[in-house]
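**Student:** Numbering (our numbering), first residue to last: 65 to 131.
Right, I'll just put the structure down here and ask away after.
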Amino acid sequence: MPQGYSYQSFNSEELFYQLGLRQFGDLSRLKLEPPPSLRKLVDIAVSAEESTEGSRLSKKQIVEVVS
């Protein structure tokens with residue numbers, strides 16, 4: 065057990081971690097009607113990024129290339 069943890073807090077952290085892992089896969093599928101376009105989904109994902117410094121492309125160019 066890591067130093068500074070009580071046995072009780074360590075067990076509860078482990079319990080919630082394990083519950084989170086188990087329940088993560090129990091999510092139902094969502095069916096969107098009408099289905100969104102791939103371009104729109106990529107645009108949302110790229111827009112959520114703070115910057116594209118790791119890429120030579122602008123956000124607009126990334127959307128064009130991926131979709």
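We put the CB at the ideal spot given by N, CA and C, even for glycine.
Just so we're clear, the structure is a prediction, and the values are computed from it rather than from any experiment.
(1) Would the beta-carbon of S131 fall within 7 Å of that of V110?
(2) Taking K104 as the reference, give the member of L94, E78, I126 and G84 with the closest Cα.
(3) Can you give the Cα-Cα distance for E157 and S92, rounded to whole angstroms?
(4) Looking at T116 and K123, is the spacing between their C-beta atoms short of 7 Å?
(5) In three-state terms, what does DSSP make of L132?
(6) Considering just the uninterrupted stretch of the alpha helix (DSSP H) at E128, what are its terminal residues?
**Tutor:** The structure says:
(1) No, the Cβ-Cβ distance between S131 and V110 is not below 7 Å.
(2) Out of L94, E78, I126 and G84, the CA that lies nearest to the CA of K104 is found in I126.
(3) The structure shown does not extend to residue 157, since the chain is modelled only from 65 to 131, so the question has no answer here.
(4) Pairing K123 with T116 gives a Cβ-Cβ distance under 7 Å.
(5) Nothing about residue 132 can be reported from this structure: the residues present for the chain run from 65 to 131 only.
(6) Residues K123 to V130.
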